[in-house]
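Residue numbers (the numbering used here): 74 to 449. All C-beta atoms in this analysis are idealised placements derived from N, C-alpha and C, irrespective of residue type, glycine included. Predicted, not measured: the structure shown is a model, and the values here were computed from it. The structure appears right after this line, and notes come after that.
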Ligand code: TRH
C-alpha cells in the first residue's frame with residue numbers, strides 16, 4: 074500500500090509528533106510506502122534533527138517527506154490511502170486528483186477518552202463530489218482505533234528499566250552531571266517535566282522541597298523557562314529543594330528512554346501523554362488548554378478510566394487548573410505520600426498492561442484501510 078499523510082502544524086510539536094510516529098509505524102512495522110506532507114519543517118527538525126528544514130523533498134528513515142507549502146500538489150499522484158490528520162484538508166489540486174483515483178480517505182482525529190468517540194469511530198462521510206472520508210479515532214477502548222505502539226516496545230523498555238548502568242549511560246550522553254547521577258544512585262528521584270507555560274511551577278517546587286526524597290527535574294530546553302526561578306524560590310537543592318537540569322530536544326525514541334528512566338513524568342498534549350503511559354510509571358498529564366475550560370471535561374473523561382488513587386487524580390486536576398500554588402503543593406505532597414504513591418505505581422503498571430493488550434493504532438488503521446480498499 075502507498076499512503077499519503079498530511080500534517081499541518083498548528084502549534085508546538087504534537088501535530089508533527091503524531092504524524093511522524095504514524096509515518097514510521099506504517100512504513101517500518103506494516104511495510105507501507107509512506108509519503109509525509111508537512112507544512113512546517115522547522116518544527117519537525119526540532120524533534121527529528123536530521124530533517125532538513127530547507128529541503129522541498131527528502132527521505133528520512135525510509136519515509137518520503139514533502140514540504141507541503143512548496144510542492145505543487147497536483148504533480149504527485151495520490152497513493153492507495155490518504156490520511157489527513159486532525160482535519161487539516163489536503164490541498165485542492167490533490168483532492169482533484171483523488172476524484173480520479175478514489176483512494177481510501179481517512180481523517181485521523183485527536184485523542185479523547187470521551188464516550189462519544191466510540192460511536193463516531195470509523196464513520197463515513199459522503200461528499201457531494203463522490204469521495205468518501207472515514208473518521209478514525211484513537212482511543213482507550215476496543216471500540217476505538219487504539220493508541221500508537223511499536224512492536225517490541227515493552228521489551229525494550231523493560232530492558233532499560235532493569236539496567237541501572239544503561240540508564241546512566243543514556244543520561245550521561247544527554248549531558249546529566251555526575252553529581253546528579255550519584256544523587257540518583259543514592260535514591261534521588263528523577264522527574265521529566267514537559268509542560269505548558271501556565272503550569273503551576275511554584276507549587277511543584279514547594280512540594281518537592283518538603284519531600285524527604287531529593288528530586289532532579291529534567292526539562293527540555295525552552296520548556297518552563299521560569300522553572301529555575303521557582304526552584305530557587307523554594308530553597309534550591311541546598312535546602313532540600315529540587316535541582317534542575319536542561320536536556321536538548323531529542324528524537325522520539327530517545328524521548329521514550331528519558332520517560333522510561335524517570336520515576337515520575339509530567340507530560341502534555343497528546344503524544345507525550347501516550348508515551349508516558351508506555352513508561353508504566355506515574356504520569357501527570359497537562360491537557361492542551363481550550364476555550365471555556367472544555368479541556369477539563371476531557372481530562373475528567375480520562376481520569377474516569379485511569380486507575381490511579383484519588384490523590385493522583387486530585388493532583389492532575391490542580392495541575393491543569395493552575396490555581397494558587399498552595400493547591401498544587403498540597404496535592405503533590407498528598408500524591409507522593411507512601412500509600413498513595415504505591416497505589417499510583419501499581420495503577421501505572423495496570424494502565425500500561427491494559428492498554429498494551431489492545432491492537433495498536435498502526436495495525437488497526439492498516440486493517441481498516443485494507444478492508445476499505447478491497448471495496449473500492
Ligand atoms: O507539543 P505538544 O503540546 O503538542 C500538541 C500541539 O499543541 C497540538 O496543536 C495539539 O493539538 C496537541 O498537542 C494535542 O505535546 P505532544 O502532543 O506531547 O507533542 C510533543 C511531541 O514532541 C511528541 O511527539 C514527543 C516529541 N518530543 C520529542 O520527540 N523530543 C523531545 O525532546 C520532546 C520534548 C518532545
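Counting along the chain, where does the beta strand (DSSP E) carrying residue 258 start and finish?
Within the chain shown, the letter at position 185 stands for residue 258. Unbroken run through residue 258 is the alpha helix (DSSP H), 251 to 258; no beta strand (DSSP E).
Relative to the C-alpha of residue 437, which residue among 205, 215, 396 is closest?
Position 364 of the chain shown holds residue 437. Comparing Cα-Cα distances from residue 437 to each of 205, 215, 396, the minimum goes to 215.
Please work out which residues of its chain come closer than 6 Å, Cβ to Cβ, to residue 391, disregarding the five sequence neighbours upstream and downstream, and give them in chain order.
Looking up residue 391 in the chain shown gives position 318. Excluding sequence neighbours, residue 391 sits near 400, 401, 404.
Give the secondary structure of residue 332 by DSSP, where H, G and I count as helix, E and B as strand, and everything else as coil.
Within the chain shown, residue 332 is the residue found at index 259, counting from 1. Helix at residue 332.
How long is the line joining the alpha carbons of residue 182 and residue 149, rounded to whole angstroms?
Here residue 182 is taken as the residue at index 109 of the chain shown, counted from 1. Here residue 149 is taken as the residue at index 76 of the chain shown, counted from 1. When rounded, the distance between both Cα atoms is 25 Å.
Where in the region 205 to 279 do unbroken runs of the alpha helix (DSSP H), each at least 4 residues long, occur, reported from the N-terminal end onward?
Whole alpha helix (DSSP H) segments, 4+ residues: 226 to 234, 237 to 246, 251 to 258.
Please confirm whether residue 249 and residue 303 have their CB atoms less than 9 Å apart.
The residue you call residue 249 lines up with position 176 of the chain shown. The residue you call residue 303 lines up with position 230 of the chain shown. In this structure, residue 303 does not lie closer than 9 Å to residue 249 by Cβ.
Can you find at least 3 beta carbon pairs, one from the region 186 to 193 and one from the region 370 to 380, that sit closer than 8 Å?
Segments in contact, yes.
Please report how far the alpha carbon of residue 170 lies from the alpha carbon of residue 151, in whole angstroms.
Counted from its first residue, the chain shown places residue 170 at position 97. Counted from its first residue, the chain shown places residue 151 at position 78. When rounded, the distance between both Cα atoms is 7 Å.
Can you check whether the CB of residue 299 is closer than 9 Å to the CB of residue 332?
Position 259 of the chain shown holds residue 332. Position 226 of the chain shown holds residue 299. The answer is no: Cβ separation not under 9 Å.
Any heavy atom of the ligand TRH closer than 8 Å to the Cβ of residue 342?
Walking along the chain shown from the start, residue 342 turns up at place 269. Checking the Cβ of residue 342 against the ligand TRH gives yes.
How far does the beta strand (DSSP E) with residue 142 in it extend, from its first residue to its last?
The residue given as residue 142 occupies position 69 in the chain shown. Note, residue 142: premise wrong, no beta strand (DSSP E); not H, not E.
Tell me the start and end of each unbroken alpha helix (DSSP H) in the region 364 to 440 that is at least 4 residues and wholly inside, in chain order.
Listed in chain order, the complete alpha helix (DSSP H) runs (minimum 4 residues) inside the region 364 to 440 are 367 to 376, 383 to 394, 398 to 409, 411 to 429.
Beta-carbon separation of residue 233 and residue 330 under 9 Å?
Residue numbering aside, residue 233 sits at position 160 when the chain shown is read from its first letter. Residue numbering aside, residue 330 sits at position 257 when the chain shown is read from its first letter. Contact flag set, yes.
With a 10 Å radius around its C-beta and 16 neighbouring C-beta atoms as the bar for buried, classify residue 98 as buried or exposed.
Mapped onto the chain shown, residue 98 falls at position 25. Its Cβ being crowded by 16 or more others within 10 Å, residue 98 is buried.
Have a look at residue 197 and residue 343 and give me their C-alpha separation to the nearest angstrom.
Working through the chain shown from its first residue, we reach residue 197 at position 124. Working through the chain shown from its first residue, we reach residue 343 at position 270. So the two alpha carbons sit approximately 24 Å from each other.
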